[in-house]
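Using my numbering, the letters of the sequence shown correspond one by one to residues 578 to 747.
Positions of the beta carbon are idealized from the N, C-alpha and C atoms, including for glycine.
Source: prediction; values computed, not measured.
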Amino acid sequence: MKRKNIILIGFMGSGKSSVGRLLSKKLNYEFLDTDEMIESLEDMTIQKIFQLHGEKFFRDLETKLLLSIKDGLKRSVLSTGGGMPICETNRKLLKNMGQVVYLRTSQNTIIDRLSGDNTRPLLKEGNLKERVERLLNDRDPYYEEGADIIIDTDNKSIDEIVKEIMNNIH
Ligand code: S3P
578 MKRKNIILIG FMGSGKSSVG RLLSKKLNYE FLDTDEMIES LEDMTIQKIF
628 QLHGEKFFRD LETKLLLSIK DGLKRSVLST GGGMPICETN RKLLKNMGQV
678 VYLRTSQNTI IDRLSGDNTR PLLKEGNLKE RVERLLNDRD PYYEEGADII
728 IDTDNKSIDE IVKEIMNNIH
């Protein structure tokens, strides 16, 4: 049987943090967020890390973080950065850590939620619609491959998504 952790993956704006927080309360699990953990370990915002060191450096931090928490993670909901599952090593690590839930969200919903957001370095340049379209097309296969359970989140409240996850996990 898989260890009792729930891992949330999905694109930026798919609701991983909000869903993860509520889910962890309902299950009485700890809530952890890889972006927050990296920011606190580096004592720097994600934006600053990208700005000073670039994306590759950040991706290495993501893998290092997973390696450092994988053995101790128990009864936790782990929300991950949207790019975490791009890397095969990360996908494997996540699957070993618990049940992986992909919060699948359509391009239009993501664009609605992220327009006006200026905290995501990967969406800063160029046209938001084009960036989201390209990244989502590239990444969707990795999210699907990395997931044990897929939940469609469009037009659902956080509460409904959490209920659906609880009905699907074992
Ligand atoms: C990223 C998503 C962000 C954060 C970083 C890179 C990505 O996390 O890790 O800006 O590559 O999709 P959220 O998915 O929580 O926004």
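Along the chain, where does the alpha helix (DSSP H) containing residue i start, and where does it finish?
i: aspartate 620; result: Here aspartate 620 belongs to no alpha helix (DSSP H), and DSSP marks it neither H nor E.
i: asparagine 729; result: At residue 729 the sequence reads aspartate, which differs from the asparagine that was named. Note, aspartate 729: premise wrong, no alpha helix (DSSP H); beta strand (DSSP E) at 726-729.
i: leucine 705; result: 705-723
i: arginine 598; result: 593-604
i: isoleucine 735; result: 735-745
Is any non-hydrogen atom of the ligand S3P found closer than 7 Å to the C-beta of residue i, if you look at the structure I gave you?
i: proline 662; result: no
i: arginine 711; result: no
i: leucine 609; result: no
i: isoleucine 621; result: In the sequence as presented, isoleucine is not what sits at residue 621; that position holds methionine. Flag unset: Cβ of methionine 621 not near the ligand S3P.
i: serine 601; result: no
i: aspartate 717; result: no
i: arginine 668; result: no
i: leucine 585; result: no
i: methionine 589; result: yes
Could you work out which residue in the options is closest to residue i when comparing CA atoms only?
i: leucine 644; options: Gly592, Lys672, Tyr720; result: Lys672
i: glutamate 722; options: Leu670, Thr657, Pro662; result: Pro662
i: lysine 641; options: Met589, Ser656, Met614; result: Met614
i: lysine 719; options: Asn582, Lys581, Phe588, Ser617; result: For the sequence presented, residue 719 should be read as tyrosine rather than lysine. Minimum Cα distance to tyrosine 719 is reached at Phe588.
i: isoleucine 687; options: Asp729, Gly590, Ile586, Lys581; result: Gly590
i: leucine 680; options: Phe634, Gly659, Ile727, Pro698; result: Ile727
Between which two residues does the beta strand (DSSP E) harbouring residue i extend?
i: isoleucine 586; result: 583-586
Contact between the region 724-739 and the region 584-600 (3+ Cβ pairs under 8 Å): Contact between the region 724-739 and the region 584-600 is present, because at least three Cβ pairs lie under 8 Å.
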